[in-house]
Amino acid sequence: MIKVLKSLFEVSRQESEESQQRNVRLAAAALLVETARANFELQPTELKRLGQLLQSTLELQDDEVNTLVSHAQERVEEATSLYEFTKVLNEHFTPDKKIQLIRAMWSVAYADGDIDKYEEHLIRNVSDLLYVPHSDYIHCKLAAQN
């Protein structure tokens with residue numbers, strides 16, 4: 144009886160490697176999209192920078208980037224918290240990859256030449272949820288400014 148009850152609460156399906164990669168990419172893209180829209184305005188320069196980052200870091204083609212960003216925007220609209228994205232990244236990202244993501248978020252935030260308080264707050268929250276040390280958070284912010 145206890146085994147039956149436990150099985151109800153355990154994740155029963157095993158994700159394929161491809162499915163895991165897709166979920167990780169979507170989670171990272173969603174956080175970048177959330178950064179771009181944190182100040183309630185989706186600036187073309189931020190979207191362009193977001194696409195460039197996804198294309199260069201994930202080695203995707205233009206159409207793949209557009210599809211990923213579109214799916215990420217849908218997921219952000221449906222999301223109730225950042226946790227659903229950071230949970231996936233905590234399971235699959237190394238500390239260096241997490242820092243790289245925070246640096247990318249700062250780069251998207253600075254793309255329009257202005258950091259909004261909401262963008263900064265979002266990046267700080269994501270940094271905390273990903274267990275990125277504060278010193279690395281600051282280094283990423285300074286690197287993105289230059």
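Numbering-wise, the working numbering comes out as the position in the sequence shown, counting from 1, plus 143.
The beta-carbon is built from N, C-alpha and C at its ideal position, and this holds for glycine as well.
Measuring alpha carbon to alpha carbon, tell me which residue in GLY256, ASP259, ARG218 and HIS282 is nearest ALA171. ARG218
With a cut-off of 8 Å, do at least 3 Cβ pairs link the segment 168 to 186 to the segment 220 to 228? yes
Would you list, in sequence order, the uninterrupted alpha helix (DSSP H) runs of no fewer than 4 residues that lie entirely inside the segment 226 to 275? 226 to 235, 238 to 253 and 260 to 272
DSSP three-state call for ALA222: helix, strand or coil? coil
Since GLN195 contacts ASP255 with CB under 8 Å, what's their CB separation in whole angstroms? Between ASP255 and GLN195 the Cβ distance is about 14 Å, and since that is not below 8 Å, they are no contact.
Classify SER159 as helix, strand or coil using the three-state DSSP reduction. coil
So what does DSSP say about GLU202, is it helix, strand or coil? coil
Minimum C-alpha distance to ASP257 - residue among SER162, GLU189 and VAL212: GLU189
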